[in-house]
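Student:
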Amino acid sequence: MKQLTKAEEEIMQILWELKEANVAGIIEEMPEPKPAYNTVSTIVRILENKGFVDHRQKGKGYIYFPVLEKETYSNQSITQLMDNYFNGSFKSMVSFFMKKNDLSAQELESIMNEINKNED
Numbered sequence: 001m002k003q004l005t006k007a008e009e010e011i012m013q014i015l016w017e018l019k020e021a022n023v024a025g026i027i028e029e030m031p032e033p034k035p036a037y038n039t040v041s042t043i044v045r046i047l048e049n050k051g052f053v054d055h056r057q058k059g060k061g062y063i064y065f066p067v068l069e070k071e072t073y074s075n076q077s078i079t080q081l082m083d084n085y086f087n088g089s090f091k092s093m094v095s096f097f098m099k100k101n102d103l104s105a106q107e108l109e110s111i112m113n114e115i116n117k118n119e120d
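Residue numbering for the sequence shown follows the UniProt record's numbering, starting at 1 and increasing by one per position.
1. Suppose you measure from the CA of Y73 to the CA of E9; what does that come to, to the nearest Å?
2. Is it buried or exposed for I115, if we count other Cβ within 10 angstroms and need 16 for buried?
3. Give every residue of the same chain whose Cβ lies closer than 8 angstroms to the Cβ of Y37, excluding the five residues on either side of it in the sequence, and list them in chain order.
4. Determine the contact status of Y64 and E20, defining contact as a CB-CB distance below 8 angstroms.
5. Based on DSSP bridge pairs, tell me the residues matched to Q57.
6. Taking only runs of the beta strand (DSSP E) that begin and end inside the region 27-56, which ones reach a length of at least 3 residues, in chain order?
7. I need the boundaries of the alpha helix (DSSP H) containing M1, first residue and last residue.
8. Under DSSP, the alpha helix (DSSP H) around D83 begins and ends at which residues?
9. Exposed or buried, I43, counting other C-beta atoms within 10 Å across all chains shown (16 or more means buried)?
10. One question on the structure: do M1 and P66 come within less than 8 angstroms of each other, judged by their Cβ atoms?
11. DSSP has A21 in a bridge; who is on the other side?
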């Protein structure tokens with residue numbers, strides 16, 4: 001699966017939230033300063049070529065919708081992060097984020113409870 005650029009990911013986040021939208025609807029959800037219509041339209045077409053987005057016709061325009069679920073992309077991104085920066089070690093990745101975020105023992109215990117709950 002291909003990685004998304006920052007601009008592509010921003011648009012995907014909006015489409016995952018909205019479920020479907022035309023280019024104007026996507027732009028409406030974007031922060032100021034709003035990008036040009038043609039810029040967003042081009043990025044959406046790139047996402048379509050990459051297989052992340054598809055469209056259906058509505059009148060003279062198109063409604064775009066995500067083909068790939070957010071969770072699928074998130075899982076792939078985390079795996080790639082772990083492989084590229086932590087030699088595939090989940091333990092090293094968690095340790096890094098614990099140190100960077102200065103987690104308390106209580107927060108760590110809460111995370112461990114979540115992990116254990118998901119193993120059942």
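Glycine residues also receive a C-beta, built at the ideal position from the N, C-alpha and C atoms.
Tutor: So, to answer that:
1. Our two residues, Y73 and E9, have alpha carbons roughly 10 angstroms apart in a direct line.
2. When all chains shown are included, I115 counts as exposed.
3. Only V23, A24 and I27 meet the Cβ criterion.
4. Taking C-beta atoms as the reference points, Y64 and E20 count as a pair closer than 8 angstroms.
5. DSSP lists Y62 as partners of Q57.
6. Along the region 27-56, the beta strand (DSSP E) does not occur as any fully enclosed run of 3 or more residues.
7. Segment: none, M1 is in no alpha helix (DSSP H) and carries neither H nor E.
8. In this chain, the alpha helix (DSSP H) harbouring D83 covers K70 to F86.
9. With 16 or more other CB atoms across the displayed protein chains lying within 10 angstroms of its CB, I43 is buried.
10. Going by C-beta atoms, M1 is not nearer than 8 angstroms to P66.
11. Residue pairing of A21 in beta bridges, as defined by DSSP: Y64.
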